[in-house]
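J.:
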Amino acid sequence: MKKPALREKKSKSKVFKETNWTKSSKTVGQYIFRRLSLDQSDKEISRIRPRHCQSQLIVSSKEIDMYVSDYLNRVDKRKKNQTSKW
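Residue numbering for the sequence shown follows our numbering, beginning at 44 and increasing consecutively.
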């Protein structure tokens, strides 16, 4: 097995496909928790990336920022859809 620091594609993010579980999130906290749960349980990511020593997380802070951005975009789309119906 290769050393984690030498593995290829360790910093590439997978394209996330929204699931019913993440779509049903009512708060940003729920959404981030669900996205973290999905990414942490992804066997492919865990093979490629090293875990953080203290937190044992595979995901980085940049990815958590992306989760928040994705959630805000989703909320904006939902609001636009609701206003266009009126």
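Where a beta carbon is used, it is the ideal one built from N, C-alpha and C, also for glycine. Everything numeric in this text was worked out from a predicted model, so none of it was measured.
When burial is assigned at 16 or more other CB atoms within 10 Å of the CB, is V102 buried or exposed?
T.: The residue labelled residue 102 in the question sits at position 59 within the sequence shown. Flag for V102 reads buried.
J.: Can you tell which of I91, I107, S89 and D119 has the C-alpha that lies nearest to the C-alpha of R77?
T.: Residue 77 sits at position 34 when you count from the first residue of the sequence shown. The shortest Cα separation from R77 among I91, I107, S89 and D119 belongs to I107.
J.: Are the beta-carbon atoms belonging to I88 and V111 less than 8 Å from one another?
T.: One-based indexing of the sequence shown puts residue 88 at position 45. One-based indexing of the sequence shown puts residue 111 at position 68. No, the Cβ-Cβ distance between I88 and V111 is not below 8 Å.
J.: For S70, name the three-state secondary structure that DSSP assigns.
T.: Within the sequence shown, the letter at position 27 stands for residue 70. The displayed chain sequence assigns Thr, not Ser, to residue 70. The answer is coil: DSSP assigns T70 none of H, G, I, E or B.
J.: T126 to R117, Cα distance in whole Å?
T.: Working through the sequence shown from its first residue, we reach residue 126 at position 83. Working through the sequence shown from its first residue, we reach residue 117 at position 74. Taking the straight line from one Cα to the other gives about 14 Å.
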